[in-house]
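The numbers in the sequence shown follow my numbering, run straight up by one, and end at 147.
Quick notes on the structure that follows.
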Amino acid sequence: MVTVEKKSNLIIFIIISLSFGLTLPLWGAEPVEGIKAINNNSTKYVSNTQTVYKQDLWFSQDKFHHFTASFLGTLCLSQVSMNMVVDDHGHASLAGSSIMVSVGIVKEFSDKKQPNNHFCWKDLTANLLGAGFGMVLFLILNGE
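Pasting the structure below:
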């Protein structure tokens with residue numbers, strides 16, 4: 004049974020997720036001149052011209068985006084799952100996190116095929132951590 008409280012939580016999660024998702028394109032990586040590439044993961048090639056980007060650090064804006072997207076997505080999808088599919092908080096959080104981790108994996112393989120992008124294990128790690136923290140918070144918020 005869907006209560007009024009559950010509906011309001013869902014609306015809040017959707018608004019937060021959408022506001023984050025709509026601003027993501029504004030926060031792209033900028034090329035930095037004069038910095039040597041440490042490895043192929045920090046070098047991009049555009050029209051046979053090398054463009055060096057900031058180093059792919061563990062604590063960077065990109066990793067924050069991956070973590071936050073997985074975190075908010077897990078919360079939102081867990082709530083949707085709880086409202087529409089299952090009555091168990093554990094199963095709902097597992098469904099939400101599984102979907103977000105799958106989206107993260109597909110995105111990284113998609114990045115690998117793009118000419119100006121690369122597959123990044125650090126991004127996947129940030130996705131997993133975000134989904135994990137999202138599961139934990141969802142269970143705490145729902146009294147589990």
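We treat Cβ as the ideally placed atom computed from N, Cα and C, and that holds for glycine.
**Request:** Report yes or no: do the segment 83 to 95 and the segment 104 to 113 share at least 3 C-beta pairs separated by less than 8 Å?
**Result:** no
What does the alpha-carbon distance come out to for the pair Q82 and E147? 14 Å
| task | Take the Cβ of L60 as the centre, count every other Cβ of all protein chains shown within 10 Å, and call the residue buried at 16 or more, exposed below. | result | exposed
Look at the Cβ atom of N145, then the Cβ atom of M85, and state whether they are nearer than 9 Å. yes
Query - Any alpha helix (DSSP H) of 4 or more consecutive residues that is wholly inside the segment 56 to 100 - result: 64 to 87
Q) How many angstroms separate the CA atom of V104 from the CA atom of H121? A) 18 Å
Where does F136 fall in DSSP's three states?
helix
**Study point:** S113, buried or exposed, once every other Cβ within 10 Å from all chains shown has been counted against 16
**Key:** exposed
*Go ahead and label M87 buried or exposed: buried means 16 or more other beta carbons lie within 10 angstroms of its beta carbon, across all protein chains shown.*
exposed
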